[in-house]
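Reviewing the structure listed below.
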Amino acid sequence: VSEPLRTNLADLPLLDVAAKIAAKELSPVDLTTAALDRLAAVEPELNAFVTVLAETAMAQARAAEADILRGEYRGLLHGIPVSVKDLFNTRGVRTSGGSRVLAENVPDEDATVVARLSEAGAILIGKNNMLEFAYAAVHPDYGPTKNPWALDRSTSGSSSGSGAAVAAGVGFGSMGSDTGGSIRLPAAFCGIVGLKPTYGRVSRNGGVALSWSCDHMGPMTRTVADNAAMLAAIAGADPKDSTSGSVPVPDYLAALHTDLTGVRVGISSAYRTPAEPAVQAAVEEAIAELERLGATILDVELPPPSEAVPALIGLITSEATEFHLPWLRTRPEDYSPAVRERLELGLLIPATDYLHAQRVRRQLIDRALPVFSTVDVVVMPTSPTAATPLEGDLSASDEADPELLAAAINFTGPFDLIGFPALSIPCGFTPSGLPVGLQLVAAPYEEAKLYAIAHAYEQATNWVDRLPTALGDLLGK
Amino acid sequence: MTESGPGEQAITPELVRRLSALSGIELSAERAEALVAQAEQQLGLMRTLGAIEATAEPAAELRLDRTGGAR
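Residue numbers (my numbering), protein chains in the order written: chain A, 22 to 498; chain B, 657 to 727.
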């Protein structure tokens with residue numbers, strides 16, 4: 022594992038460069054140049070981007086600089102280079118969903134989160150590679166994204182390019198989507214912070230759907246505070262999303278602290294295994310650290326993955342197939358083999374099974390809510406493994422592999438089903454130097470609690486200071 | 657191989673083809689054959705879903721800001 026080396030502008034946390042911009046010590050033009058230089062240095066090796074918007078990004082940076090010099094500073098994201106997964110609609114810019122089916126798709130309107138980032142003054146430097154339609158397989162037209170910690174390892178997915186870009190210092194945050202773990206798993210594999218917000222906290226409008234019931238949009242960043250700053254910019258009610266919630270957006274940054282005295286942290290036995298020993302050891306040490314910081318550790322029982330994940334897969338499979346049916350009828354050969362197979366499997370699920378899964382969802386929500394009257398958060402591994410080899414990865418398979426998919430999302434999928442917020446943060450490394458993710462889960466709309474506890478842990482450790490091991494090789498090329 | 661429960665049909669290539677045809681998808685015999693093992697996994701997962709309370713309603717349009725869990 023490399024030593025702390027965050028001295029290059031491109032590798033600094035978002036809030037550090039935001040402070041420099043606010044103080045007029047740093048120009049958005051220089052910052053965007055640094056981000057684009059880093060992009061040029063690591064691409065196409067990482068394969069984290071499908072579209073680079075260098076020209077428009079520089080124009081936006083010059084406009085931001087002029088605004089700020091006029092005294093029209095918009096806030097923490099003003100002049101900050103970011104990217105978005107290529108399933109968020111961008112007006113006039115191709116939105117492929119990582120697919121051949123939408124390879125020529127140019128939307129005429131921004132997704133709500135893209136519009137909100139733009140209103141906050143963020144600079145869009147590009148659109149990230151992803152698994153095809155966020156459905157667990159790489160389309161051969163795009164190819165896999167490599168992990169900046171080990172180029173022969175997977176980033177997981179489906180927000181694969183977002184995870185790799187943020188870890189490699191290409192922009193200061195990215196927007197991902199998460200239906201079974203697609204923000205948190207790449208965050209864990211790439212050693213960054215990823216939030217799957219409460220269902221309804223962030224608008225889904227303008228994101229290519231995988232499963233309307235379980236899709237969540239959220240930020241991926243290098244630190245917890247950075248993540249809070251991005252969520253603040255994109256969260257809140259949206260009349261364009263019927264499931265958008267009306268709960269006011271709190272001041273997430275004001276809620277950050279470093280003392281966990283009085284905080285109750287739950288451990289649920291169903292979420293301790295199966296995890297590989299190095300992952301389990303890192304998570305156990307993280308729990309011990311939380312206790313040293315003043316938290317009280319309590320045993321609780323969340324509804325287990327064995328009940329939640331099959332219901333989630335039933336919902337995703339049915340809804341994805343319904344969404345894709347027109348294309349599946351007319352151009353099935355344009356899908357990768359595994360995604361086509363998953364979509365075809367969705368044709369076989371009876372409506373009664375789909376509705377049963379929706380009833381299970383309701384029942385598991387009712388069972389999970391009381392847990393959070395006894396604890397503030399529940400913690401567990403984000404993934405049963407650290408980054409797996411690219412060769413033989415689930416995303417490279419030509420088959421649907423429902424049971425393998427269920428195993429991969431064992432710890433993350435349940436919270437897509439019930440919609441509770443879940444945050445993945447770095448909590449250590451395996452002996453071979455791969456990052457490990459710790460997942461924290463809270464009650465609906467309690468993202469501020471997640472951030473507060475995660476920030477305290479982050480401040481007490483130095484995991485986020487480390488630069489990806491393979492980055493030096495990439496920059497030396 | 658997933659065992660069929662009472663009243664459930666075994667998954668065969670022909671069943672896969674007929675169910676797909678109901679949605680307007682014409683599968684070749686070879687493709688239907690290849691899907692059988694995956695379909696057994698998929699439907700096997702669904703069969704693990706246990707009994708639920710009779711009062712549990714589908715959560716089809718979820719509004720978590722309207723539950724007791726929201727602040």
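Just so you know, even glycine gets a beta-carbon here, dropped at the ideal spot from N, CA and C.
The structure displayed is predicted, hence computed values, not measured ones.
Residue contact check for B:T668 against chain A: no CB pair falls below 9 Å. Taking CB atoms only, B:A712 has a neighbour in chain A less than 9 Å away.
If you compare the alpha carbons of A:L366, A:R121, A:V223 with that of A:P260, the shortest gap goes to A:V223. From the beta-carbon of B:V672, the residues of chain A found nearer than 7 Å are L369. Taking A:D88 as reference, the option from A:V103, A:P49, A:R27 with the minimal CA-CA separation is A:P49. With a beta-carbon spacing of about 6 Å, A:A491 and A:A171 fall inside the 8 Å limit used to define contacts.
Residue range 456-462 is occupied by the beta strand (DSSP E) that includes A:G458. One finds S234, Q379, R380, R382, R383, I386 in chain A with Cβ atoms closer than 8 Å to the Cβ of B:A715, taken in chain order. DSSP places A:N248 outside any beta strand (DSSP E); the residue lies instead in the alpha helix (DSSP H), whose first and last residues are 245-255. Straight across, the Cα-Cα distance linking A:A69 with B:A710 is about 47 Å. Restricting attention to A:L455, A:G118, A:N126, the CA atom closest to the CA of A:S180 is found in A:G118. Identification of residues in the stretch 465-497 of chain A having a C-beta nearer than 8 Å to some C-beta of chain B yields P465, Y466, E467, given in sequence order. In the structure shown, A:S195 adopts extended strand secondary structure according to DSSP, grouped into three states. By alpha-carbon distance to A:R225, the top candidate from A:G257, A:T242, A:R361, A:P358 is A:G257. Nearest in C-alpha terms to A:T219, of all of A:L488, A:L461, A:A443, is A:A443. Contact annotation: A:M196 and A:L35 have beta-carbon atoms that are not nearer than 9 Å. Taking the Cβ atoms as the reference, A:L67 lies roughly 6 Å from A:P169, within the contact range of under 8 Å. Look at the stretch 389-462 of chain A and you find these whole runs of beta strand (DSSP E), each 3 residues long or longer: 398-402, 443-450, 456-462. For the options A:Q460, A:G113, A:T111, the alpha carbon positioned closest to that of A:Q301 is the one of A:Q460. Here DSSP, grouped into helix, strand and coil, assigns A:I334 to helix.
Among the residues of the stretch 267-292 of chain A, those with a Cβ less than 8 Å away from any Cβ of chain B are S267, V268, in the order of the chain. Under the 10 Å beta carbon count, A:D419 is surrounded by fewer than 16 other beta carbons and is classified as exposed. Annotation: A:C211 to A:R174 spans about 10 Å, alpha carbon to alpha carbon. At a Cβ-Cβ threshold of 9 Å, A:A78 and A:T53 count as neighbours. Between A:A209 and A:S404, the C-beta gap is smaller than 9 Å, which places the two residues in contact. Counting along the chain, the unbroken beta strand (DSSP E) around A:L216 starts and ends at 214-217.
Secondary structure at A:P298: helix, using DSSP grouped into helix, strand and coil. Distance from the CA of A:L152 to the CA of A:T409, rounded to the nearest whole angstrom, comes to 16 Å.
Boundaries of the alpha helix (DSSP H) around A:K41: 35-43. Taking the C-beta atoms as reference points, A:S445 is found no nearer than 9 Å to A:G190. Buried is the label assigned to A:G228, since at least 16 other Cβ atoms lie within 10 Å of its Cβ. Of all residues in the stretch 139-168 of chain A, none is placed with a Cβ closer than 7 Å to any Cβ belonging to chain B. In chain B, no part has a C-beta under 7 Å from the C-beta of A:L323; the shortest such distance is about 13 Å. Segment contact: the stretch 339-348 of chain A against the stretch 432-439 of chain A, fewer than three CB-CB distances shorter than 8 Å; contact not assigned. The Cβ-Cβ distance between A:S416 and A:P161 does not fall below 9 Å.
A:A158 has its alpha-carbon roughly 10 Å from the corresponding atom of A:R361.
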